[in-house]
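**Q** Structure incoming, see below.
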Amino acid sequence: MPVAISVTADGESPIIALLEHLIGYDKKAMFDEIGAYGVSSSEHRFINQSDVDGNPWKQSWRAKLQGGETGRDTGQLLSGLHHNVLANGVEWGSDKEYSIRFHFGAHIVPKTAQYLVFNVGGNWRKVKEVTNPPRSFLGINKEDDESILNIIGRHLSG
5 MPVAISVTAD
15 GESPIIALLE
25 HLIGYDKKAM
35 FDEIGAYGVS
45 SSEHRFINQS
55 DVDGNPWKQS
65 WRAKLQGGET
75 GRDTGQLLSG
85 LHHNVLANGV
95 EWGSDKEYSI
105 RFHFGAHIVP
115 KTAQYLVFNV
125 GGNWRKVKEV
135 TNPPRSFLGI
145 NKEDDESILN
155 IIGRHLSG
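Quick note: the sequence shown, position 29, residue 33 per the working numbering, numbers continuous.
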């Protein structure tokens with residue numbers, strides 16, 4: 005099941021203002037580079053274990069018990085990050101269904117059983133509900149804004 009998380013810059017964004025001046029310019033290579041940058045920036049949030057604004061993620065039970073890192077047990081979410089160049093922009097994110105719960109957080113209850121049952125650190129747990137805190141990894145901060153503007157500048161001057 006595909007999931008999309010959209011981040012839209014407001015009309016005051018310097019990126020949007022600059023892109024509006026590029027009507028008629030072939031932007032495919034530029035959008036490809038911006039998308040690759042966006043994926044890399046999102047990957048660094050997993051490495052740094054922090055959100056878009058640099059705030060540390062709340063450590064998961066599994067990471068605490070096993071001494072690992074949150075969101076990196078199997079590496080599927082991190083390795084599932086990719087970008088798509090569109091006709092008039094670029095999008096990046098994950099193709100993993102659970103990425104939306106990881107990014108925004110979620111309150112999970114059993115669908116048909118009385119309990120949720122799962123294995124954490126080799127021990128089986130049985131609980132009535134689980135609340136996952138948000139651990140945002142998608143988005144653009146001021147540093148990203150500057151890097152994207154530099155990419156645009158290189159493409160315009162090259």
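Here a beta-carbon is modelled for each residue, glycine too, at the ideal position from N, C-alpha and C.
What you are looking at is a predicted structure, and each value in this text was computed from that prediction instead of being measured.
Tell me, to the nearest whole angstrom, how far the beta carbon of Gly109 is from that of Asn136; I am working on the premise that it is less than 8 Å.
**A** Position 105 of the sequence shown, counted from the start, is the residue given in the question as residue 109. Position 132 of the sequence shown, counted from the start, is the residue given in the question as residue 136. Indeed they touch by this definition, with Cβ atoms about 5 Å apart.
**Q** Which residues bound the beta strand (DSSP E) around Ser98?
**A** The count along the sequence shown starts at 1 and reaches residue 98 at position 94. Note, Ser98: beta strand (DSSP E), Gly93 to Ser98.
**Q** Look up Phe141 in the DSSP assignment and say whether it is helix, strand or coil.
**A** Here residue 141 is taken as the residue at index 137 of the sequence shown, counted from 1. Residue state, collapsed to three classes: coil.
**Q** May I have a chain-ordered list of the alpha helix (DSSP H) segments no shorter than 4 residues that lie completely inside the segment 24-73?
**A** Runs found: 32-52 and 65-70.
**Q** Starting from Lys130 and walking both ways along the beta strand (DSSP E), at which residues does that stretch end?
**A** By 1-based counting over the sequence shown, the position of residue 130 is 126. Start and end: Asn127 to Val131.
**Q** Where do the N-terminal and C-terminal ends of the alpha helix (DSSP H) with Gln80 fall, by residue?
**A** Within the sequence shown, the letter at position 76 stands for residue 80. Element bounds for Gln80: Gln80 to Ser83.
**Q** May I ask you to verify whether the segment 56-76 touches the segment 120-137, counting CB pairs closer than 8 Å and requiring at least 3?
**A** Yes: the two stretches touch, three or more of their Cβ pairs being nearer than 8 Å.
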